[in-house]
Amino acid sequence: MKITVVGAGAVGATCADNIARKELAEELVLLDIKEGFAEGKAIDMMQTATLLGFDTKIKGVTNDYSQTAGSTVAIITSGLPRKPGMTREELIGINAGIVKGVAENILKYSPEAIIIVISNPMDTMTYLALKSLGLPKNRIIGMGGTLDSARFKYYLSVALNCNSNDLQGFVIGGHGDTTMIPLTRYATYQSLPVTELLDQAVLDKVAADTMVGGATLTGLLGTSAWYAPGAAGAALVESIVRDEKKLFTCCVALDGEYGQKDICLGVPVIVGRNGWEKVIDYKLNAEEQASFNKSADAVRAMNSVLHDMKLV
Numbered sequence: 001m002k003i004t005v006v007g008a009g010a011v012g013a014t015c016a017d018n019i020a021r022k023e024l025a026e027e028l029v030l031l032d033i034k035e036g037f038a039e040g041k042a043i044d045m046m047q048t049a050t051l052l053g054f055d056t057k058i059k060g061v062t063n064d065y066s067q068t069a070g071s072t073v074a075i076i077t078s079g080l081p082r083k084p085g086m087t088r089e090e091l092i093g094i095n096a097g098i099v100k101g102v103a104e105n106i107l108k109y110s111p112e113a114i115i116i117v118i119s120n121p122m123d124t125m126t127y128l129a130l131k132s133l134g135l136p137k138n139r140i141i142g143m144g145g146t147l148d149s150a151r152f153k154y155y156l157s158v159a160l161n162c163n164s165n166d167l168q169g170f171v172i173g174g175h176g177d178t179t180m181i182p183l184t185r186y187a188t189y190q191s192l193p194v195t196e197l198l199d200q201a202v203l204d205k206v207a208a209d210t211m212v213g214g215a216t217l218t219g220l221l222g223t224s225a226w227y228a229p230g231a232a233g234a235a236l237v238e239s240i241v242r243d244e245k246k247l248f249t250c251c252v253a254l255d256g257e258y259g260q261k262d263i264c265l266g267v268p269v270i271v272g273r274n275g276w277e278k279v280i281d282y283k284l285n286a287e288e289q290a291s292f293n294k295s296a297d298a299v300r301a302m303n304s305v306l307h308d309m310k311l312v
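According to full-length UniProt numbering, the sequence shown is numbered sequentially starting from 1.
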């Protein structure tokens, strides 16, 4: 089995490193547009193989998509961060061109590949991939909610002073500071609702901290995070290639689920060999549904830029 990661920056390289360590493929291709960059990252990772005990072969290539042929899964991390003075429209326009070109090149050589989108703005880039590639919707997955849910469980573990692996919790909606919705009502600690363990003020703080989780790290690091985003991408790959049927929040195409259509948004889905296979209905209450609808409106406003620029 072959897996491709496009973009050898911090997120892409971390994703590739996790995939190799877990031996999710016989061959892993790391591709970047910068001459020699992916090759260097691949050699560096391969030199850890005897130390970490993995057998995956990692190959770095510069913009040669023929080397990705036959990939089962392709993860797209490429794109530019928003720079000072850059408008939302400019960022979307630049990254849309990058993501669309990458996806088309991947499918040229791997027509059956499942596409995982990490590039930002993630919800809009996932929608772009859906509309422009003509693939079955189950083969287009946006990673954002998987990362947001991991951050949610981290902040819950801090509040409860417990092991985060004993927690279940999901974040739905858009992958943005004002659009994501941590479902505190459904979060549990070893099956016990966290609402029975934490008061509302603490739960509200956990939710607020989760929503600005990315911005918090950007402020501390001076750049976007990479360990958790890379691990989130690899977790989705693992559920696909091992057909684990795990439940993740992913940005997927909705057709009436959660009251929304013609949009890609974060909802709980089963992820297995065929990509995302089923949306799980969490039966939102009126307040949660109103927040979800508001999130959808914000994402649609971002998507409208694609229409205005005639990219979809």
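Virtual Cβ for every residue (Gly too), placed ideally from N, Cα, C.
Here N18 is not near A225, since their CB atoms are 7 Å or more apart. Note on the region 42-103: whole beta strand (DSSP E) runs with a minimum of 3 residues are 57-62 and 71-76, in chain order. A straight line joining the alpha-carbon of C264 with that of N285 spans about 21 Å.
Exposure of V158 is indicated by the presence of fewer than 16 other C-beta atoms within 10 angstroms of its C-beta. The closest CA to that of G97, considering only T4, P121, A74 and P111, is found on P121. By the Cβ test, the region 37-54 is in contact with the region 12-27, since at least three Cβ pairs between them sit closer than 8 Å. For A231, same chain residues with a beta-carbon under 6 Å away, outside a window of 5 residues either side, are N18 in chain order.
DSSP lists V29 and A74 as the beta-bridge partner residues of T4. Between V312 and A301, the alpha-carbon positions lie close to 14 Å from each other. Where P229 is concerned, the enclosing alpha helix (DSSP H) starts and stops at Y227 to V241. In the same chain as D255, and ignoring 5 residues on each side of it, the C-beta atoms closer than 7 Å to its own belong to K261, in chain order.
Runs of the beta strand (DSSP E) lying entirely within the UniProt domain "Lactate/malate dehydrogenase C-terminal" (146-300) and spanning at least 3 residues, in chain order: 171-173, 180-182, 246-255, 261-272 and 275-279. Segment contact: the region 243-251 against the region 266-280, three or more CB-CB distances shorter than 8 Å; contact assigned. As DSSP reads the structure, I118 sits in no beta bridge. In terms of Cβ geometry, L147 and P229 form a close pair [threshold 7 Å].
In this structure, DSSP gives G134 a state outside helix and strand, which the three-state scheme calls coil. Contact annotation: the region 211-218 does not touch the region 54-65, with fewer than three C-beta pairs closer than 8 Å. A direct Cα-Cα distance of roughly 6 Å separates A42 from K59. In the three-state DSSP reduction, G144 falls in the helix class (H, G or I).
D32 sits buried, since 16 or more C-beta atoms from the chains shown fall within 10 Å of its C-beta.
The DSSP-derived three-state label of E23 is coil.
Of T179, A74, L156 and D44, the smallest CA-CA separation from E196 is found for L156. Closest in C-alpha terms to W276, from the list L128, V299 and E238, comes E238. For A10, the three-state secondary structure derived from DSSP is helix. Using a C-beta cut-off of 8 Å, the region 105-115 makes contact with the region 64-75, since at least three inter-stretch Cβ pairs fall below that distance. Sorting C250, S71 and E90 by C-alpha distance to the C-alpha of V279 places C250 at the top. Excluding its 5 nearest sequence neighbours in each direction, V305 has C-beta neighbours in its own chain below 6 Å: E89 and I92, listed in chain order.
F292 and I172 do touch by the CB rule: their CB atoms are close to 7 Å apart, below 8 Å. Cα atoms of F170 and N105: separation of roughly 33 Å, rounded to the nearest angstrom.
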